[in-house]
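First comes the structure, then the notes that go with it.
Protein chains in written order, with this note's numbering: chain A, 1 to 72; chain B, 73 to 605.
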């Protein structure tokens, strides 16, 4: 059974991050949100494993709560 | 528009039970003469169980309401003797198209397979189905319909139920061994038992308009997301008999139900959709919906079926279809229990099997609703992203959800004997067996499901050994011929294969090679007798 990989996988993570930033550069918040929505759907399908997908959702939710409860 | 025209009127008639000094006792009383109550009563009566069917009204009113009847429902109706008038009048369709704006995203074909008696779907106004059922009920000696008999009180006893019934001539009491509550989404019986009816409420309002016109549209299901004639919402167009078209328009959560039903509001919307004025309004209704169910469908000797037990959104045609499948599941079990062929615990398997089916239906219809009526800006973004991606990526096309149309449930049930052999083909344990075109020994064409009828049946493929014995045995090649091989392929049949089919035509057990003892065990298990000695 496969599990969500949270170890770093890109040979150059900075470049991967940069690719994401470039895709969004110049977009309005609304356009960015639409782009992200497409991207999530494409990547989720690529994963294609409901259990891994659930793990990814849980991790994202967890980080969201941490952001919310962070002081300041 | 709000007063419903009367299409068929029936008469109240005084019955002998009203003059009884003490309550007359009946094995089964069915409450509610809608499609579910009528199907339950007819199925029971066909099985020789006397039934009294009570309804608080005395008419079938206009308003097409449920319009889509799925293949499995038609197979059930055929067994009940009412499929022919429905098929003659109904619009047979199998193609669906999904549009975004004015562009077609994709089309689907529901039944690309030959060799089935029944089509994938027909569209038919609910009142035509009800009328056909009432006519069929009138032919059955064991079935008595009592119009304007309204249940006003219910008292549970250990071995039955006492109902108090109001009529135009006063009230009377009846005793029943079993009561089937098929009295609809606002079930009075559910209220009398104080049962919770919980689930998810959806806020979006939808407008249903049935319009009469001579249209050029083919008999297909057309669904639009964000159509050019109805900005930002969804729309559905679907053909019914008599040149009537069902139009379903999403109005949003803030729409005013009364104002939206006014012809001066409805007509311009439809004119915009059709691009012309050449139509008349038959029926208009604004609705919201809920997906909810009773926690249990069986409460002692009171059994809930159809909308009284569970409610879904209309996307996917799961209301009437699942209700009629409830009726079929319950009827044979009640008949077996009343006839002493099975223990009372068999009725608990109705709860188990049809609860699972209700959950499946509620799940499908909730997910369709999420897609059709997104509730937040982000839900809308995901929906629109799926629609946009659907043009380029096959995975997104599969996510487009304009209603997943009703399919029969495969029961994961204790009544089935688990497979010991490997099987391919389309027959599945716990599911209704697939139909197949067969011939009788004298060469007459007959469908497999017609040959099965309403009885527990063994189907056997000969291999030289003596065939199994039972009340109803079909030996392939002797009793029925499989001229085109449909049966063999769909059942993955080989010499020696034996299949046990339930009285509701679901597959209960199958073997490559078997023994009389194994068949007897499976047959007992199917009646919930297995664990008794």
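Idealized CB from N, CA, C, for every residue including glycine.
Query	Result
CB contact below 7 Å: residue 457/B versus chain A	yes
Rounded C-alpha distance that separates residue 357/B from residue 323/B	12 Å
The stretch 208–228 of chain B / the stretch 59–68 of chain A touching (three or more Cβ pairs under 8 Å)	no
Chain A contacts made by the stretch 125–148 of chain B, where a contact means CB separation under 7 Å	none
Straight-line Cα distance separating residue 560/B from residue 496/B	11 Å
Spatially closest choice to residue 143/B from 246/B, 371/B, 390/B, 534/B, by CA coordinates	390/B
Alpha carbon of residue 239/B to alpha carbon of residue 428/B, nearest angstrom	37 Å
Backbone secondary structure at residue 605/B - three-state DSSP	With a pLDDT of only 40 at residue 605/B, under the threshold of 50, the placement of this residue in the model should not be trusted, and no figure is reported.
Under the three-state DSSP convention, the category residue 72/A falls into	Summary for residue 72/A: the model assigns pLDDT 48, below 50, so the residue's position carries little reliability; its value from the coordinates is reported in the next sentence. Reduced to three states, the DSSP call for residue 72/A is coil.
Closer than 7 Å at the beta carbon, the chain D residues around residue 453/B	Protein chains in the displayed structure are A and B, and chain D is not among them.
Strand pairing of residue 59/B, partner residues [DSSP]	The displayed coordinates of chain B run from 73 to 605. Any statement about residue 59/B would go beyond what the structure contains.
CB contact below 7 Å: residue 41/A versus chain B	yes
Close Cβ partners of residue 562/B (< 7 Å) along its chain, the five nearest in sequence each way excluded	497, 498, 499, 506, 508
Stretch pair the stretch 467–476 of chain B + the stretch 432–442 of chain B: three plus CB contacts closer than 8 Å	yes
C-beta contact flag for residue 625/B and residue 406/B at 7 Å	Outside the modelled stretch of chain B, which goes from 73 to 605, sits residue 625/B, for which no answer is possible.
Short Cβ contact (7 Å threshold) for residue 365/B with residue 430/B	yes
Proximity of residue 609/B and residue 448/B at Cβ, strictly below 7 Å	No information on residue 609/B is available, as it lies outside the stretch 73 to 605 that chain B covers here.
Contact residues within the stretch 458–483 of chain B, judged by C-beta distance below 8 Å to chain A	458, 460, 461, 465, 467, 468, 471
Coarse secondary structure for residue 295/B, derived from DSSP in three states	strand
DSSP bridge partner residues for residue 272/B (one or two, in chain order)	363/B
Contacting residues, own chain, Cβ-Cβ under 8 Å from residue 145/B (five flanking each side not counted)	392, 393, 396, 397, 478
Beta carbon of residue 147/B nearer than 7 Å to that of residue 521/B	yes
Beta strand (DSSP E) runs wholly inside the stretch 443–474 of chain B, at least 3 long, in chain order	none
Outcome for residue 411/B when other beta-carbon atoms lying within 10 angstroms are tallied against a minimum of 16	exposed
Outcome for residue 227/B when other beta-carbon atoms lying within 10 angstroms are tallied against a minimum of 16	exposed
Residue 87/B versus 565/B, 237/B, 329/B, residue with shortest Cα-Cα distance	237/B
Residue burial classification, residue 6/A (beta-carbon count within 10 angstroms, cutoff 16)	exposed
Candidates 169/B, 576/B, 85/B: closest to residue 295/B by CA position	169/B
Residue 497/B CB to nearest heavy atom of the ligand PLP below 6 Å	With respect to the ligand PLP, the structure offers nothing, as it holds no ligand at all.
Same chain, Cβ closer than 6 Å to residue 81/B, neighbours up to 5 away in sequence not counted	131
Whole-number beta carbon distance between residue 538/B and residue 545/B, since they are thought to touch under 8 Å	Going by Cβ atoms, the distance from residue 545/B to residue 538/B rounds to 11 Å, so no, they are not a contact pair.
For residue 283/B and residue 532/B, the rounded distance between their alpha carbons	51 Å
Three CB pairs or more closer than 8 Å across the stretch 262–269 of chain B and the stretch 106–114 of chain B	no
Ordered list of alpha helix (DSSP H) runs contained in the stretch 283–360 of chain B, each at least 4 residues	329–333, 335–346
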